[in-house]
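Have a look at the structure below, then the notes.
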Amino acid sequence: MYRSICLPLVLLSTAAAGIAQTAPTPGTALPRTATPARTAATPVATTPGAAAPAAPTAVPLPAPVLAAEWKRKQAEELLAFVDGIDAEGLDPSDYNPDRLRRAIDDKSDDLSAIATDTFLKVAGDLMFGHVRGAARIDWFVQDDSWTVYDQQNLLTRATAGETVSDTLRSLLPTHPQYAALKAALAKNEGLARDKIRTNLDRWRWLPRDLGQKYVIVNVPAYTVALVEGGRTLDRRRAVAGAIKTPTPSLNATITGAIFNPWWEVPTSISREVSGKKGYVSVKLPGGGVRYRQPPGPSNALGRVKLVMGNPHAIYLHDTNAKNLFNKQARAYSHGCIRTEDAVGFAATLLDGTDWSRDKVAATVKSGKTVQANVATPIPVYIVYFSVAATDEGDLARYDDMYTRDAKVLAALNDRPTAASLASN
7 MYRSICLPLV LLSTAAAGIA QTAPTPGTAL PRTATPARTA ATPVATTPGA AAPAAPTAVP
67 LPAPVLAAEW KRKQAEELLA FVDGIDAEGL DPSDYNPDRL RRAIDDKSDD LSAIATDTFL
127 KVAGDLMFGH VRGAARIDWF VQDDSWTVYD QQNLLTRATA GETVSDTLRS LLPTHPQYAA
187 LKAALAKNEG LARDKIRTNL DRWRWLPRDL GQKYVIVNVP AYTVALVEGG RTLDRRRAVA
247 GAIKTPTPSL NATITGAIFN PWWEVPTSIS REVSGKKGYV SVKLPGGGVR YRQPPGPSNA
307 LGRVKLVMGN PHAIYLHDTN AKNLFNKQAR AYSHGCIRTE DAVGFAATLL DGTDWSRDKV
367 AATVKSGKTV QANVATPIPV YIVYFSVAAT DEGDLARYDD MYTRDAKVLA ALNDRPTAAS
427 LASN
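Counting along the sequence shown from 1, when you hit position 92 you're at 98 in the numbering used here, and nothing is skipped either side.
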């Protein structure tokens, strides 16, 4: 578990620049909300005058068997999709096309079973990416739900309604960044192609619907952006976690901002501040002491901290070390995202409330700790894209600061290890 310390930390890193982010267009992908388990109540007999029986026991019904009747033409369409899946940065051989091809050519009785198995493997990788679990490396963005009932509905759509290829394409990310990377993939070979494939898969790890309004942080680009309706409303430079204290990828919800925050010093570094001027000690029950840093110009959180609860204690906040925003490579924090002009950014997030710019400025000037809530909770995504499209339509490459790309590529290629990718 990450514990953000949010203290200045100076480490050297290579140069990187900012990145533009845009919002997704709502697509036709499967619903990504959890489907409740289907249950049946076991009836309980009663006798007149007897005590009331206990509540019926819920007995889970067996999950449906994933099955579909595949016509030969539909199976051929599925095979053609698999053969062309390298356009998405995926490897056709991962889906055993020869097995499906033989079933089609031999008019096998197992054609429906083989086609169903192939279809679901392809669909799973389009929905969630080929790289799963720990291979994603410090990735804690919550996966969308995809139950067995959703999978059966998808099979039905493909074999009894829409075309097979249209059904599968509906699962792909609709974000313009994905389309731009896919277009670039067709023009690049070698290491550049591997970089693009790696980041295409990362887009598939994300929810399809990021929200009508959301904040996205691209760590290798050192940028924070507020996006609404497909338009970037605000973009700021950021300082991310140092190499020794990397920022994890996660999603959370911004519910407000705390102006003039106190900084609760983690117990892991209590000794570093013990006895130092500017810290308040608090006795703990049963003995021991913890420390707090009051609001003020030297506070490690600066003048504002966004409220975005998450188990990793990673936050967007201000900083008293504003000179770091002038550097190209900005990996200096203990994990939190220090945001350029964080007070102004918070004021933008508070649009639609009674928190005017003047009220925000007056509150900050007062030195009092005050929380302001946003009009509507705003999703925030902290992500790791080492290749992305710029607003001008060019392809930007950023330093793979935490050396994650090679491990992701190895998993994408189903290899245990891989040579390090070039950073430049």
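Glycine included, each C-beta is placed from N, C-alpha and C at the ideal position.
DSSP bridge partner residues for residue i (one or two, in chain order)
i           : result
residue 323 : 311, 344
residue 238 : 233
residue 247 : 339
residue 145 : 255
residue 269 : 299
Same chain, Cβ closer than 6 Å to residue i, five either side skipped, listed in chain order
i           : result
residue 258 : 314, 316, 386
residue 31  : Only weak support is given to the placement of residue 31: the predicted model assigns it a pLDDT of 32, under 50, and the value that follows is read from those uncertain coordinates. Closer than 6 Å at Cβ, skipping near neighbours: 180.
residue 251 : 340, 341
residue 211 : 135
residue 345 : 230, 242, 244, 322, 351
residue 325 : 308, 344
residue 355 : 380
residue 293 : none
residue 366 : 353
residue 127 : 101
Neighbourhood of residue i by C-beta, 8 Å cutoff - its chain only, sequence neighbours within 5 removed
i           : result
residue 376 : 264, 265, 266, 369
residue 206 : 94, 95, 184, 187, 188, 191
residue 115 : none
residue 108 : 114
residue 117 : 76, 78, 81, 109, 110
residue 296 : 270, 271, 273, 276, 287, 288, 290
Cβ of residue i within 8 Å of any chain E Cβ
i           : result
residue 133 : The structure shown has no chain E; it contains just one protein chain.
Per-residue burial, residue i [other beta carbons within 10 Å of its own, 16 or more giving buried]
i           : result
residue 363 : exposed
residue 329 : exposed
residue 431 : The requested residue 431 is not part of the displayed model; the chain covers only 7 to 430.
residue 247 : buried
residue 131 : buried
residue 88  : buried
residue 405 : buried
residue 348 : buried
residue 277 : exposed
residue 254 : buried
residue 157 : buried
residue 291 : exposed
residue 124 : buried
residue 420 : exposed
residue 173 : buried
residue 200 : buried
residue 280 : exposed
residue 239 : exposed
residue 372 : exposed
residue 310 : buried
residue 378 : buried
residue 3   : Look at the range of the chain in this structure, 7 to 430, and you will see that residue 3 is not part of it.
residue 162 : exposed
residue 44  : Bear in mind that a pLDDT of 36 at residue 44, under 50, signals an unreliable position, so the model cannot answer this.
Residue range of the beta strand (DSSP E) that includes residue i
i           : result
residue 287 : 286 to 289
residue 255 : 255 to 265
residue 224 : 219 to 224
residue 299 : 295 to 299
Residue i, enclosing alpha helix (DSSP H) - first and last residue
i           : result
residue 196 : 196 to 211
residue 165 : 154 to 166
residue 173 : 170 to 175
residue 137 : Residue 137 -> no alpha helix (DSSP H), and no H or E assigned at all.
residue 184 : 182 to 191
residue 277 : 276 to 279
residue 413 : 411 to 418
Neighbourhood of residue i by C-beta, 7 Å cutoff - its chain only, sequence neighbours within 5 removed
i           : result
residue 299 : 268, 269, 271, 284, 285, 305, 306
residue 381 : 358, 359
residue 418 : 136, 137, 203, 204, 207
residue 171 : 83, 87
residue 92  : 98
residue 312 : 260, 263, 321, 322, 323, 352
residue 256 : 146, 147, 316, 318, 320, 388
residue 85  : 103, 106, 107, 110
- request: Quick one: which unbroken alpha helix (DSSP H) runs of 4-plus residues sit fully inside the region 61 to 117? Chain order, please.
  value: 78 to 89, 103 to 111
Ranges of the beta strand (DSSP E) found wholly within the region 335 to 409, counting only runs of at least 3: 337 to 339, 343 to 345, 376 to 389, 393 to 395, 401 to 403
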